[in-house]
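For reference, the structure discussed in these notes is given below.
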Amino acid sequence: MHAKTISTIIGAFAAASVTALPTESRQKPQPWQQPTRHHVSNVELGPRPHYLVNDMDEGWLKDRLSQCSEMESQPTKFSIGHRGDGCLQFPEVTLESIEAGVRMGAGMLECDVSFTSDRQLVCRHDMCDLHTTTNIVATELGSKCTTPFTPASNSTEATATCCTSDITLAEFKSLCGKMDGYNASATTPEEFLEGTPSWRTDLYATCGTVLSHKEFISLGDYTQEQYAQQMIDEYKAAGIDPARVWPQSFDFNDVAYWLAAEPEFGRQSILLDQSGDSPGTLSGAVANLTFYKDAGVQIVGPPLPYLVTLGENDEYIPSAYATTANQLGLKIITWSLERSGPLAQAAADGDYYYTTIANGTHGDGDMYKLVDVLAREEQIQEAYESNRQEWLSRSIDSMLQNDKQVKPGEVLIAHLKRQETEDATSIKAALTSRVSTASVFGLDPLLPFSPSLSMLRRSSGNLSGKVAVTFHAGQ
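Using mature numbering (1 follows the signal peptide of the UniProt record, and there is no 0), the letters of the sequence shown correspond one by one to residues -20 to -1, 1 to 455.
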């Protein structure tokens, strides 16, 4: 979810099934061969939750979680399936990853979407990640890449940059999804495809099924407000109850627009926050929370490092951001768990998600200490995960509230990212010029769909941007 290179729009879309897409190595399936979305009644978690608990330091939390190992697993909206939900084992943002999330009981699933050269929408986390997440460099389409594959030589690493905007929808659908990674020492395109981190697996990455959005979007003169409105219009056209949609954006202007123009949808919109990423800006991000609340925002979505810091004994404690948000009555979602690999290594390497708690992070079991602080002390509403460990939520009372009727895949998230950050002054100016009213709306605690939007960018007259869409993966 953390993006530094391109603006992102996020939207959610309901679909009863997802069609298999042709790949370079197989024929297009006939209708009777298309995979069907089946209702999942048995949640399967696998061994990882047990591994994480066994790796924890001895104490009350480990004892309590250990008692849950034989309990029946239930889906929960506390967790959002990031990039599908199975990114330690399945290629991200593929049908297989999404289905893995459903099977593992994720209450929310996410599918990011970008533009193709023929202005179609396809599922991809970043617009320019095809060279590391698909097999494009080893296909004929590799020559169309923004930067085609260049082999390593002497002290120069192998390079390639391939974007969804480099190819058409039909060409995109011919690709195979793979585990994110590349081989910097590669001298051939085939070698470049290698490079899966040792803490992931290629066992289920034979040929991930890349996904396209259901409907063609005609851009024309495409303003940011039209972009934001079109996202909502898709839900209206599909007949989806606004109470089931959570619009999200990293751009305050989008949230302000929804609050004013589409209050039924805007009342549960989420402001995703990266405004404290630059050195010395986190205090400003905390200060902005009061303005957001006054403007009508009800939910904020900061990354993990904004929410947790270390106490006197290097224990995890709520940060000033989390404390302030709670005092203001803002609800919180956060991202991303299980994105960083082994935690001791992540802390030592200065991994983004653990920058504020590196000195207190010593092993994989600390994951559950982190989740405990987030859920019990900070009372966050949901957390994006790249792998499921749902039965943890059954061990902490605060995670169980309002989750009794959740079905696997019932809630679908699409979120927007953007590179730029905004200070309070520019945000207030934008609000004054674009929004006539900004009221505080009531919000149901758990809603089934979530879309979001980001700024568009124009480069040399060409529209570029990124959209994220979620598909209903339920019955």
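In this text, a Cβ means the ideal position worked out from N, Cα and C, and glycines have one as well.
Between the alpha carbons of Pro243 and Asp234, how many angstroms are there, rounded? 12 Å
Close beta carbons around Cys143, own chain, < 6 Å, minus the five adjacent residues each side | Met107, Cys108, Thr126
- Item | Cα-Cα separation, Leu251 to Leu290 | 26 Å
Notebook entry, point to check: Does DSSP put Leu121 in a helix, a strand or coil?
Noted result: helix
Item to complete: Name the residue from Ala86, Cys156, Ile312, Pro71 whose alpha carbon lies nearest to the alpha carbon of Asn22.
Response: Ala86
**Message:** Considering only the alpha carbon of each residue, which of Asn163, Lys124, Pro71 lies closest to Glu137?
**Reply:** Asn163
- [ ] With a floor of 3 residues, list each beta strand (DSSP E) that falls wholly inside the stretch 268 to 321, ordered by position along the chain.
- [x] 279 to 281, 288 to 290, 296 to 298, 311 to 317
Using the Cβ count rule (16 or more neighbours within 10 Å means buried), how would you classify Glu370?
With a pLDDT of only 33 at Glu370, under the threshold of 50, the placement of this residue in the model should not be trusted; the figure read from the coordinates follows. By the 10 Å Cβ count, Glu370 comes out buried.
Assumed close pair Thr314, Leu287 - CB separation to whole angstroms, cut-off 8 Å: 6 Å
Since Phe95 and Ser46 are thought to touch, with beta carbons under 8 Å apart, how far apart are those beta carbons, to the nearest angstrom?
-> Rounded, the Cβ-Cβ distance is 48 Å, inconsistent with contact.
With contact counted as at least three CB pairs below 8 Å, one residue from each stretch, are the stretch 222 to 229 and the stretch 258 to 274 in contact?
no
*Measure the Cβ-Cβ separation of Gly343 and Ala326 and say whether it is below 8 Å.*
no
Original post:
Where are the beta strand (DSSP E) runs, 3 residues long or more, that stay fully inside the stretch 129 to 191, in chain order?
Top reply: 139 to 141
Residues near Thr176 in its chain [Cβ-Cβ closer than 6 Å; skip 5 each side]:
Met159, Gly161, Asp182
| Would Pro71 be called buried (16 or more neighbouring beta carbons within 10 Å of its own) or exposed? | buried
Exercise. Cα separation between Thr130 and Ala338?
Worked result: 36 Å
Beta-carbon proximity of Glu357 to Pro298, cut-off 8 Å = yes
**Report entry** Bounding residues of the alpha helix (DSSP H) (the contiguous stretch that carries Ile212)
**Finding:** 204 to 217
> What number of angstroms, rounded off, separates the C-alpha of Ser249 from the C-alpha of Asp352?
Replying inline: 26 Å
Per DSSP, what kind of secondary structure is Val23 in: helix, strand or coil? coil
Report the CB separation of Ala236 from Ala275 in whole angstroms; it is logged as a contact under 8 Å. 7 Å
Does DSSP put Met347 in a helix, in a strand, or in coil? helix
Going by beta-carbon coordinates alone, are Asp98 and Leu149 separated by less than 8 Å? yes
What residue from Arg247, Lys311, Tyr332, Asp35 has the CA that sits closest to Pro285's CA?
Tyr332
For Ile60 and Met88, I'd like the C-alpha separation in whole angstroms. 5 Å
Can you check whether the CB of Ile312 is closer than 8 Å to the CB of Val277? no
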